[in-house]
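Taking it in order: structure first as structure tokens, then the write-up.
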Amino acid sequence: MRILKEQTAGLVIDIQERLFPYIHDHEAIARNTGILVQGLQAMNIPIILTEQYTKGLGPTIEPLRALFQPLAPLEKMSFSCCDDQPFSDELMKLGKKFIVIAGIESHVCVMQTTLDLLEKNFIPVVVDDCVSSRRLNDKKMAMMRLRREGAIIGTYESVLFELLRFSGTDEFRAISKLFK
Numbered sequence: 442m443r444i445l446k447e448q449t450a451g452l453v454i455d456i457q458e459r460l461f462p463y464i465h466d467h468e469a470i471a472r473n474t475g476i477l478v479q480g481l482q483a484m485n486i487p488i489i490l491t492e493q494y495t496k497g498l499g500p501t502i503e504p505l506r507a508l509f510q511p512l513a514p515l516e517k518m519s520f521s522c523c524d525d526q527p528f529s530d531e532l533m534k535l536g537k538k539f540i541v542i543a544g545i546e547s548h549v550c551v552m553q554t555t556l557d558l559l560e561k562n563f564i565p566v567v568v569d570d571c572v573s574s575r576r577l578n579d580k581k582m583a584m585m586r587l588r589r590e591g592a593i594i595g596t597y598e599s600v601l602f603e604l605l606r607f608s609g610t611d612e613f614r615a616i617s618k619l620f621k
């Protein structure tokens, strides 16, 4: 099954200042997620940004926060984004089928959100090199379970080029620059 641009939304889950330094391979996660977000934006794909208990975990890290200005993140207290009514309302308003997911932590908020999206008949696309946990094994176990449950697993580059479909377009040129 192909991921189709017109039927896709993005979701960046809880990449926040106070937890982020403890995340496995956090510098690569920040870089890769930044490229993913810019690529989705270049294709005019809507993206939802969430923050878990902002008072305790702080805001979204810079430079990701700057990519979303002036969009305000949706704050939540639930681990699954789907258990938060403002998120569910926003997701339904977008009316998209494929949800491209980046964020932390893989084995908590990312996994629970993905499982709930599957239950609600969305097609989650978990971007492996844009998700992580404090411990690598927690990420590995989450990704194994999500694959087994039916989520699509990809990399930021493969997902962006699948959404593009064609070279030679303005979108292709904009996104190709992100990989240099």
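Quick note: to get this note's numbering, add 441 to the position in the sequence shown (first position is 1).
Each residue gets a CB set at the ideal place from its N, CA and C atoms; glycine is no exception.
The structure presented is a predicted model; accordingly, all values stated were derived computationally and were not measured.
What number of angstroms, rounded off, separates the C-alpha of ALA488 from the C-alpha of ALA450?
-> The sequence given here places Ile at residue 488; Ala does not occur at that position. Taking the straight line from one Cα to the other gives about 6 Å.
Kindly provide the ranges of any beta strand (DSSP E) runs that are 3 or more residues long and lie completely inside the region 488-574, ordered along the chain.
-> 488-493, 515-517, 539-545 and 564-573
Bounding residues of the beta strand (DSSP E) (the contiguous stretch that carries ILE591) | Per the sequence shown, residue 591 should be read as Gly rather than Ile. Premise fails: GLY591 is in no beta strand (DSSP E) and is neither H nor E.
Which value, in whole angstroms, describes the spacing of the CA atoms of PHE675 and PHE613?
-> Because the chain spans 442 through 621 in this model, residue 675 falls outside it and cannot be assessed.
Is THR474 helix, strand or coil by DSSP?
-> The three-state secondary structure of THR474, taken from DSSP, is helix.
Excluding the 5 residues preceding and the 5 following ILE616 in the sequence, name in chain order all residues of the same chain whose CB lies nearer than 7 Å to its CB.
-> GLY480, ALA483, LEU601 and LEU605
Collapsed DSSP secondary structure at ILE454 in the structure displayed = Correct three-state label for ILE454: strand.
Where GLU546 falls, given that 16 or more other Cβ within 10 Å makes a residue buried = buried
Could you check the C-alpha separation between ALA471 and LEU460 for me, to the nearest Å?
-> Cα to Cα, the separation comes out at about 13 Å.
Under the DSSP definition of a beta bridge, which residues are partnered with THR449?
-> BP columns for THR449 point to PHE539.
Selection from GLU598, GLU603 and ASP611 that minimises the alpha carbon distance to PHE620 | Nearest of GLU598, GLU603 and ASP611 to PHE620, Cα basis: GLU598.
Spell out a yes or no on whether the region 523-534 and the region 502-511 are touching, meaning 3 or more CB-CB pairs, one atom from each, closer than 8 Å.
-> no
Can you tell me whether GLU492 is buried or exposed, with buried defined as 16 or more other CB within 10 angstroms of its CB?
-> buried
Look at the alpha carbon of ILE486 and the alpha carbon of PRO504, and state the distance between them as a whole number of angstroms.
-> 19 Å
Would you call the CB atoms of GLU468 and ILE502 closer than 8 Å?
-> no
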